[in-house]
Amino acid sequence: MNAPRTNPESPDAPTSLNKVLTTSLLYFFILGDVLGAGVYVLVGEVAADAGGAVWVPLLVALCLALLTAASYAELATKYPRAGGASHYATLAYGPFTGFVAGFCMLAAGVVSVAALSRGFGGEYLSEFVTLPLVLVTVIFLLALALLNARGISESTRANAVATVIEVSGLLLVIGLGTWIVLRGDGDPGRLTNLGTESEGPVLAVLSGAVLAYYSFVGFETSVNVAEETRDPRRSYPRALFGALLTAGAVYALVGAAAAAAVPTKKLAESSGPLLEVVRTAGGVPTWLFSAIALVAVANGALLTGIMSSRLAYGMARDGLLPSFLTAVLPGRRTPWAAIAATTALSLVLALTGDVSTLASTLVLLLLVVFFVVNTSLLVLRRDPGRLGHFRVPTLVPVLGAASCVGLATQIEREVWLRGLGVLAVGAVLGAVAALRLRRARERHPQ
């Protein structure tokens with residue numbers, strides 16, 4: 044069998060994207076996406092599953108995420124094109140698998156933006172003003188779409204500012220948690236309590252790691268902007284691993300500070316566990332944390348919206364979605380058609396509010412995508428690619444694929460049933476797309 048062929052596109056082509064991202068902007072892009080809105084509820088959920096030693100499943104999840112991230116680093120530097128997992132799966136297995144992988148990412152991204160838009164108009168915003176949720180949702184999504192369409196450079200600069208605000212808020216929690224312990228109101232001994240009444244230490248770590256793993260996803264969105272990076276072979280691995288390690292350190296410290304400062308039961312029962320740290324410490328107004336949370340929600344929605352639009356653009360360019368989605372603005376070279384389409388879908392989901400059942404399947408859908416990416420890397424080793432791209436040992440994608448299977452076994456049966464329904468829809472649409480693409484190639488052979 045012949046090696047998979049690449050099909051690079053000239054940077055001056057009318058549908059190519061503008062290369063403006065530097066290493067630092069890409070670093071903040073990834074860090075901002077990983078340190079998203081989920082961190083504000085994550086600690087309590089992990090504490091409920093794992094006990095006071097929240098930092099253990101967080102570090103386990105980081106190690107597992109780094110395996111798949113390493114596979115992404117090799118593929119993104121070897122094939123720096125928008126489309127990400129869909130593009131890699133298409134090269135390795137053909138258009139059907141490529142479509143299914145892309146469909147899973149699109150489903151996750153569109154639902155995530157819809158859910159975040161509703162979250163933006165919820166309790167955090169009510170600290171400042173009370174407005175109809177429908178109005179807030181429409182304005183919020185339109186504003187994100189306009190910023191996305193204005194340009195990747197402007198979007199990532201806005202992300203850089205938002206990321207600094209997010210990290211500052213998390214550092215505040217670390218400082219307040221430390222102060223609570225130093226003044227004698229905390230209990231550092233809780234940091235060694237691993238397990239719950241119903242689960243022992245091993246099962247507690249596995250259960251907590253599934254939740255914690257979701258907190259590290261977001262790095263996969265960055266491969267969709269590799270084509271817009273000035274020197275992806277050099278910049279992408281540095282930005283990716285630097286951002287993940289930074290996020291891992293912040294998560295572990297936040298988890299430790301919260302667990303030591305607030306009783307585990309109280310932490311687990313709270314929908315705003317980090318706010319419990321602020322309340323326990325005193326001296327910091329609660330509205331300040333609401334403002335930080337709003338920035339985190341908006342930033343996460345912006346970055347996910349960028350990913351979804353670039354993914355739709357890349358899939359359309361590979362012939363897996365309608366070709367009109369490849370249209371870009373002449374001056375700014377941003378994929379306006381893909382931005383409009385993905386924003387419209389998010390708006391429909393947000394206004395109907397029927398996103399909760401699909402949102403619970405996001406982890407499973409992403410594990411399917413990550414499994415495909417890791418195995419695609421093994422298949423694409425037949426293609427030498429460009430000289431000088433990042434390369435990982437073969438054991439890394441093998442362990443990455445195995446970790447996806449292992450984490451999937453910890454997901455509840457009900458979530459599996461919902462996830463299989465989404466996969467079934469993707470499979471049907473993928474078969475149609477593959478058939479259409481094959482007929483087009485037969486009519487116009489190269």
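In the numbering used here, the protein residues as written are 44 to 489. C-beta atoms are modelled at their ideal positions from N, C-alpha and C, and glycine is treated no differently.
C-beta atoms of residue i and residue j nearer than 8 Å
i, j, result
"Leu-283", "Val-82", "no"
"Tyr-279", "Thr-120", "yes"
"Thr-323", "Asp-426", "no"
"Ala-157", "Ser-389", "yes"
"Leu-254", "Leu-105", "no"
"Ala-128", "Val-415", "yes"
"Leu-101", "Val-210", "no"
"Ala-303", "Gly-220", "yes"
"Ala-192", "Leu-372", "yes"
"Ala-144", "Val-435", "no"
"Ser-352", "Phe-72", "no"
"Leu-346", "Gly-75", "yes"
"Pro-123", "Pro-275", "yes"
"Leu-472", "Phe-146", "yes"
"Phe-259", "Ala-290", "yes"
"Ala-451", "Leu-407", "yes"
"Tyr-131", "Ala-286", "no"
"Ala-476", "Ala-311", "no"
"Glu-319", "Lys-309", "yes"
Selected residue, minimal CA-CA separation from residue i, among the options
i, options, result
"Gly-137", "Trp-459, Val-260, Met-358, Val-305", "Met-358"
"Ala-383", "Arg-461, Ser-241, Ala-96, Val-153", "Val-153"
"Ile-368", "Gly-374, Leu-354, Arg-375", "Here the sequence assigns Leu to residue 368, which means Ile is not the residue at that position. Ranking Gly-374, Leu-354, Arg-375 by Cα distance to Leu-368 puts Leu-354 first."
"Asp-92", "Gly-243, Ala-135, Val-475", "Gly-243"
"Gly-469", "Arg-484, Thr-140, Val-439", "Thr-140"
"Leu-438", "Leu-109, Glu-88, Ser-67", "Leu-109"
"Leu-442", "Leu-363, Leu-420, Phe-183", "Leu-420"
"Leu-134", "Val-181, Leu-176, Trp-459, Thr-418", "Thr-418"
"Ala-151", "Tyr-131, Gly-261, Leu-78, Leu-225", "Gly-261"
"Val-327", "Leu-215, Thr-264, Ser-313", "Leu-215"
"Ile-155", "Leu-392, Thr-239, Cys-447", "Note that residue 155 is Ser in the sequence shown here, rather than Ile. Selected option, being the one with the closest Cα: Leu-392."
"Ala-474", "Gly-362, Phe-71, Gly-232", "Gly-362"
"Pro-231", "Ala-301, Gly-464, Trp-330, Leu-409", "Ala-301"
"Asn-236", "Pro-306, Pro-316, Phe-433, Tyr-70", "Pro-306"
"Leu-364", "Ala-247, Thr-206, Thr-239, Arg-479", "Arg-479"
"Tyr-256", "Ala-203, Val-103, Glu-455, Arg-281", "Val-103"
"Leu-159", "Val-422, Phe-183, Glu-319, Ala-311", "Phe-183"
"Thr-161", "Pro-175, Met-148, Arg-200, Glu-170", "It should be pointed out that residue 161 corresponds to Arg in this sequence rather than to Thr. The shortest C-alpha separation from Arg-161 is found at Pro-175."
"Gly-348", "Leu-168, Gly-194, Glu-88, Ser-169", "Gly-194"
"Ala-336", "His-487, Ser-169, Met-148", "Ser-169"
"Val-179", "Ala-483, Leu-394, Phe-413", "Leu-394"
"Leu-423", "Pro-440, Val-412, Leu-107", "Pro-440"
"Phe-433", "Val-224, Asn-202, Ala-380, Arg-281", "Arg-281"
Simplified DSSP assignment, three categories, for residue i
i, result
"Leu-372", "coil"
"Leu-237", "coil"
"Leu-363", "coil"
"Leu-64", "strand"
"Phe-171", "coil"
"Ile-454", "coil"
"Pro-138", "helix"
"Ala-56", "Caution applies to Ala-56, whose pLDDT of 48 falls short of 50 and renders its modelled position unreliable; the value that the coordinates give is listed next. The answer is coil: DSSP assigns Ala-56 none of H, G, I, E or B."
"Leu-423", "helix"
"Asn-50", "For Asn-50, the predicted model reports a pLDDT of 46, less than 50, meaning its position is unreliable; a value from the coordinates is still stated below. Three-state result, Asn-50: coil."
"Asp-92", "helix"
"His-432", "coil"
"His-130", "helix"
"Val-475", "helix"
"Arg-482", "helix"
"Gly-469", "helix"
"Glu-242", "coil"
"Ser-250", "helix"
"Asp-230", "coil"
"Thr-404", "coil"
"Val-177", "helix"
"Gly-443", "helix"
"Gly-164", "coil"
"Pro-378", "coil"
"Pro-306", "coil"
"Arg-273", "coil"
"Leu-78", "coil"
"Ser-313", "coil"
"Thr-111", "helix"
"Val-398", "The predicted model places Val-398 with a pLDDT of 49, which falls under 50 and marks its position as unreliable, so this point remains unresolved."
"Val-97", "coil"
The ligand FMN heavy atom lying under 7 Å from the CB of residue i
i, result
"Ser-155", "For the structure depicted, the ligand FMN is absent and the ligand set is empty, with no information on it obtainable."
Quick one: any contact between the stretch 91-104 and the stretch 292-310, if contact means 3 or more CB pairs under 8 Å? A contact exists between the stretch 91-104 and the stretch 292-310.
For a minimum of 4 consecutive residues, which ranges assigned as the alpha helix (DSSP H) are wholly contained in the stretch 320-366? Here the runs fully enclosed are 329-360.
Within the chosen definition, does the stretch 371-387 reach the stretch 178-196 through at least 3 CB pairs nearer than 8 Å? Yes: at least three Cβ pairs fall under 8 Å.
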